[in-house]
Structure formats: structure tokens, C-alpha cells
Amino acid sequence: MTKTISGLFLAGLSLFLSSCKRNDIEGSECAASKVLFFVSGATPAEEAHYTYTDGRVSEARFMYLRLRYSYDGQGRVVRREQYHGIDPDLKEFDIVTYDAGNRPGQVEHYIKTYAGTERVDSILFRYQGGQLIEQLYYHRMSWPAPMDLYFRQRFTYAGNNISQNIHDYYVDNQLVASDTARFSADNLPNHYATLHPQYFLYHPFGMFPSGFSWYFRTTTANNLLQTGTSPGSTREEYLTDERGRLAEYRVDGTPYLRFDYSCR
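Numbered by the working numbering, the letters in the sequence shown go through residues 16 to 279 in order.
See below:
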């Protein structure tokens, strides 16, 4: 694949918040200005810092990566550009399109090569009755080979929360394996939704092309808690600060994300 898992993690993480103006988000004084993420252990592996223009994130800066964003007239992210280190040349970019319900419908990932611009990844989102029911991830191994289906996620619901996720894996467009995760949910409003109306962009894997996309976790009414998988199981926790804002997300007791709400 053209991107490492750590690169995918960084890329999705970058869209954590798109505003830092006071009172832009009802019930909060300030949006987050920095996010720390952990791969394992108590030491952060990376932190993202945000530059704001007209109340929206215009750039996110990591140790070896810079991401720049473009918005449409409705304030939705429609393009994200990737730059490596101090290199001023554009390396990769994503194009986001939305459906009639103002939900992400497709994200396409492009890379710049000596031969020009190539589309290498695409993810499609399918909905039914306003609920996400399927994500399809396609990848192009080489140019000009066709896009192959690599991952598919299928969702079933209990009320307004996902109760099961079947993750299918493909090789040469043929199903080779499946994992099933089952979820319960707490009774609190989805923490990502309380951060900003475009909360689906802020999860570490976001909605951008990745077989590891966790976009589905940000679309439910409440916060998902993974209660069992085939194979294995995990325990998820959401810690809030004194104002009720999401301060830390943990997996099996280990920090995964930590948020800083200092205003700039």
C-alpha cells in the first residue's frame, strides 16, 4: 500500500477541529487547539498543532507532515493537501464530496508522481434511513491497473447506535477473511458530535481512505464501547474534563488520544 499505518493515522487525525473562535460551538468557550496521540505506552508519539484562518483550520503541523485544507461555501472540507517536512511541493491530496443529506459520500486520494497525478485510493459511504450501513475501500496497486476492493465494513444497528461491524478483507476483489466486532453504547451524547457539527472529520482515522477508517464511530447517537470481537476484545473509555468536553480517549486502559482546549 502507498501509505503506512502511522501515516494513515496522522492523516486522519489532522482534521480534529475546524474552528477555534469563541462561541462558534454552542456550549463551549473554545475548540481544541492541539491533540496528542499515543501508539503505545504513556509517552505521546506525535502531537498536532493547528493554524486557523477565518475561524477554520487552514493548516495542521506534525513533526514530518503538514496538511492544508480548503472549504466550500457551506464550510465543509472539500480538499486536503499533504506536504512532507519543509518541502514546499505538494505530495498528496484528497477530494471530498457529499451526498444530498450533507454527509460524506466519497473521498478520493491522489498522489503526485513524475508522470502526473494518480488516483490511488477511494472510499465510498452508503446510508439507509440516515444511518451509515457500509463503507467500501478501493486501492490501486499500480498504474494503470484498475481500482480493487480491499476492505468493506458493514454495519447493523440497535436503535441509533451501531451494534455490529463486519469487516471484510479482499484480495484480487475476492473475499478472503472477515472480522466481526460487537458494540454496546453508553447513554451520553456522542463526544465527537459535541465538539463541532463536522465531528466526523475529527476521529484519528477520520473518513479518509483507509482500511482502518473509524468514521462509523463518530456517526452514532452515543459513544460506542466495543464489547467483543472475533477474535479478541477491547475496552474503550472516554474521559471528560470539568466542562464535560472529551479530554482523553483510551483503549484497554491505555491513552490513545488526548485533547488540549487552550485558546489561541
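Where a beta carbon is used, it is the ideal one built from N, C-alpha and C, also for glycine.
- Taking all protein chains shown into account, Ser157 has fewer than 16 neighbouring C-beta atoms within 10 Å of its C-beta and is therefore exposed.
- C-alpha of Thr233 to C-alpha of Gln146: approximately 12 Å in a straight line.
- Glu257 sits away from Leu240, with the two beta carbons spaced by 7 Å or more.
- Taking a C-beta distance under 7 Å as the contact criterion, Tyr98 and Arg71 do not qualify as a contact pair.
- Sequence-distant partners of Thr132 (beyond 5 residues in either direction) whose C-beta falls short of 6 Å from its own C-beta, in its chain, are Tyr125.
- Residue pairing by DSSP places Tyr264 opposite Tyr253, Leu272 in a beta bridge.
- For Leu164 against Tyr185, the beta-carbon gap comes to about 5 Å, under 8 Å, which counts as contact.
- With respect to the 7 Å criterion, Ser193 and Asp201 are not classified as neighbours on the basis of their beta carbons.
- Between the alpha carbons of Asp109 and Ala60 lies a gap of roughly 24 Å.
- Between the alpha carbons of Trp229 and Asn180 lies a gap of roughly 11 Å.
- Ranked by Cα distance from Val111, the first of Gly268, Val93, Tyr65, Asp104 is Val93.
- Your pair Phe231 and Gln121 does not check out as a contact, with CB atoms roughly 16 Å apart and the cut at 8 Å.
- Distances from the CA of Ile101 to each of Tyr79, Gly116, Arg134, Val50 were compared; the closest alpha carbon is that of Tyr79.
- In the structure shown, the three-state DSSP call for Tyr207 is helix.
- Ile177 places its beta carbon less than 7 Å from that of Thr235.
- DSSP places Pro119 in the uninterrupted beta strand (DSSP E) bounded by 119 to 128.
- Put simply, the backbone Cα of Gln89 is about 13 Å away from that of Ala115.
- Taking C-beta separations shorter than 8 Å and ignoring five residues to either side along the sequence, the partners of Arg91 in its chain run Val111, Tyr113, Asn117, Gln213, following chain order.
- Residue environment: Val50 is assigned as buried (16 or more neighbouring CB atoms within 10 Å of its CB, all protein chains considered).
- If you keep only unbroken beta strand (DSSP E) runs of at least 3 residues inside the segment 120 to 190, you get 131 to 143, 146 to 154, 163 to 173, 176 to 186.
- Each of Phe53, Gln168, Asp187, Lys127 was checked against the Cα of Arg141, and the nearest Cα belongs to Gln168.
- Just so you know, the alpha carbons of Ser248 and Tyr264 end up roughly 17 Å apart.
- Taking 7 Å as the cut-off, the Cβ atoms of Arg76 and Glu96 do not count as close.
- A direct Cα-Cα distance of roughly 27 Å separates His64 from Asp267.
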